[in-house]
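In the working numbering, the protein residues as written are 81 to 522.
Below: the structure, in structure tokens.
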Amino acid sequence: MTKSQTICIVDDEAAIRETLENVLSDEGYPVMSCHDSISFFEKLEQQTPDLVLLDIWLPGIDGMAILSKLRETYPELPVIMMSGHAGIDAAVNAIKLGAVDFMEKPLRLEILLDKIAVVLSNKPPERVKDLASDTRMEVAKIIDPIIPSGAVRLKDSERPQRTLKGNVVLNGKGLLTGRNTGVILSPLDPNSGVVFQTLDDTSLPAHITNIENFSQSVKQQSFSANSTVLARENRRVRTVEHLMASLHMAGITNVLAKVDEEIPNVDGSAQDFSELIKEAGVQDQDVPAKEAVVLAPIQVGRKKLTEKHLYVEPFEGFEVKMRIDYTAPIGEQKLTFNSAQNSFDLDIAPARSFNTFENIDLAQKTGTVGSGYLDSHIILHDGKVINTDLRYPDEFIRHKILDLIGDLYLLGYPLRGRVVANMTSHGYNQALVQKLHVALTT
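Listed below in structure tokens is the structure:
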């Protein structure tokens with residue numbers, strides 16, 4: 081990068097133009113400045129800048145229209161979009177149209193200067209590490225198909241069975257359908273289990289044997305990496321994992337969840353479900369609960385840092401040790417959640433789903449997900465989060481633990497044991513639960 085590279089500012093607010101002109105000039109950049117689309121295109125005919133800082137809201141032709149036109153006439157010209165009023169849709173649309181970045185006003189000048197330096201340096205993008213896409217099936221590598229005899233056994237828990245004290249309702253948008261939907265949670269008698277029910281009264285017990293395409297998944301050891309879907313009699317209940325995680329950690333063993341095809345995803349976390357359970361209140365029942373106690377290790381995948389794997393091992397209590405390693409801004413993260421020492425509601429439930437812009441864009445184009453993804457995901461693009469502020473510096477691994485806790489409850493019982501996971505998604509989670517189920521029934 082050389083400081084002789086010209087930057088063009090397009091913004092109708094004189095104060096912002098003046099501030100940016102002064103800051104960029106002090107940094108040694110030649111600056112062009114325009115207040116609307118007409119003056120911008122006039123200057124563009126005289127000189128092509130090396131970078132454009134483009135506001136979305138402009139008089140006449142707005143920034144999005146300018147960006148679209150630039151992609152036709154100057155496809156290689158980098159553009160950083162700016163806005164003080166746009167939301168996630170605008171940010172995503174700007175990236176779709178070819179903007180290299182998006183910044184919200186008021187601008188943080190030190191961050192803007194860093195972004196400018198990266199763009200003008202023509203630094204090659206970092207190699208993208210694997211991040212499970214939204215459309216594929218995940219083949220779980222079963223290194224040792226033999227399950228040790230007596231590896232998992234049901235035992236009476238010190239806790240009683242639990243249900244809710246009353247009915248509660250939550251509305252929101254479906255993650256995959258993008259439609260408005262809702263769920264009604266109601267109490268159930270002891271030994272009923274967690275049961276989902278569609279609007280036509282088809283019941284789907286929340287169990288690994290009721291996941292979509294279970295028989296085929298077991299045969300091929302190929303499970304969905306995207307989300308957890310229950311299916312029966314041509315009826316489906318989709319994205320149950322976040323609700324299941326909250327029920328699991330609240331010790332709810334008996335509950336009816338009435339739903340129209342898909343559980344509302346709200347913000348992509350389990351926070352609303354945990355609050356819903358608190359709103360309803362928890363009712364202990366005069367029957368002891370059962371728990372699945374791990375007595376010998378069970379494994380899916382090869383125990384190598386470079387490969388996906390997870391396993392359970394004996395442990396007094398319930399603990400999850402997770403490791404992930406994805407491209408920036410995630411990197412390597414490690415975290416241990418112990419249900420007796422940590423708070424699910426504070427430490428795990430608020431963590432949101434995440435995926436790359438490219439995966440989400442592809443999934444929307446192929447019709448496998450709806451608009452719910454835009455409102456309920458941390459969206460990653462070009463080594464950064466483009467649509468929100470993180471709730472935790474390591475929110476990504478916390479959500480991975482959240483998903484795993486929800487999928488584990490498909491065993492039908494809480495687990496007493498330690499789960500160690502490396503880079504896994506729903507596919508590997510479900511493959512492990514399937515092996516735990518086999519261990520319980522043999």
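Even glycine gets a Cβ: it sits at the ideal position worked out from N, Cα and C.
Predicted, not measured: the structure shown is a model, and the values here were computed from it.
Residue ranges of each beta strand (DSSP E) run of no fewer than 3 residues wholly in the stretch 314-390, ordered along the chain? Listed in chain order, the complete beta strand (DSSP E) runs (minimum 3 residues) inside the stretch 314-390 are 315-317, 335-339, 362-374, 378-381.
Own chain residues within Cβ distance below 7 angstroms of P139, not counting five before or after: Here the set comprises D92, D116.
Can you give the Cα-Cα distance for I485 and S283, rounded to whole angstroms? 23 angstroms
Whose C-alpha, out of Q365, I466, T278, is nearest the C-alpha of L336? T278
Within a Cβ cutoff of 8 angstroms, which residues of the same chain sit near T289, ignoring the five residues on either side of it in sequence? H517
Please state the DSSP three-state secondary structure of N502. Secondary structure of N502 (DSSP, three-state): strand.
So, do the stretch 230-245 and the stretch 310-326 have three or more beta carbon pairs nearer to each other than 8 angstroms? no
Measure from the alpha carbon of L491 to the alpha carbon of each residue in P344, E396, V274, then state which is nearest. V274
Considering only the alpha carbon of each residue, which of A408, A501, V346 lies closest to F417? A501
Quick check on DSSP: helix, strand or coil for G254? It is a strand residue.
Between which two residues does the alpha helix (DSSP H) containing F424 stretch? 424-427
Could you check what DSSP says for N435 in three-state terms: helix, strand or coil? strand
Can you tell which of L131, E125, K123 has its C-alpha closest to the C-alpha of T524? Because the chain is modelled from 81 through 522, residue 524 falls outside the range shown and cannot be assessed.
Reduced DSSP category for R151 - H, G, I as helix; E, B as strand; rest coil: helix
Nonlocal neighbours in the same chain, by C-beta distance under 7 angstroms from M329, ignoring five residues either side: S419, F424, I485
Mind checking which residues open and close the alpha helix (DSSP H) that includes F120? 117-126
Taking the alpha carbon of Q127 as the reference point, which residue from Q379, I291, S113, T436 has its own alpha carbon closest? In this structure, S113 is the residue among Q379, I291, S113, T436 with its C-alpha nearest to the C-alpha of Q127.
Give me, in chain order, the residues of the same chain whose beta-carbon lies closer than 6 angstroms to that of S266; leave out the 5 immediate sequence neighbours on both sides. Result list for S266: N247, L336, in chain order.
Going by beta carbon distance, what residues of the same chain come within less than 7 angstroms of L192, once the five residues before and after it are set aside? M183
With 16 other CB atoms within 10 Å as the buried threshold, where does D469 fall? exposed
If you draw a straight line from the C-alpha of I343 to the C-alpha of A511, how long is it? 22 angstroms
Alpha carbons only, please: which of L100, I404, A376, P473 is nearest the one belonging to R496? A376
Within this structure, are the beta carbons of L415 and V499 separated by less than 8 angstroms? With contacts defined as CB atoms closer than 8 angstroms, L415 and V499 fail to qualify as a contacting pair.
Which residue from I146, P228, N260, T99 puts its Cα closest to that of E190? That would be T99, whose Cα lies nearest to the Cα of E190.
How would you call I264, buried or exposed, if buried means at least 16 neighbouring beta carbons within 10 angstroms? Residue environment for I264: exposed (fewer than 16 other C-beta atoms within 10 angstroms of its C-beta).
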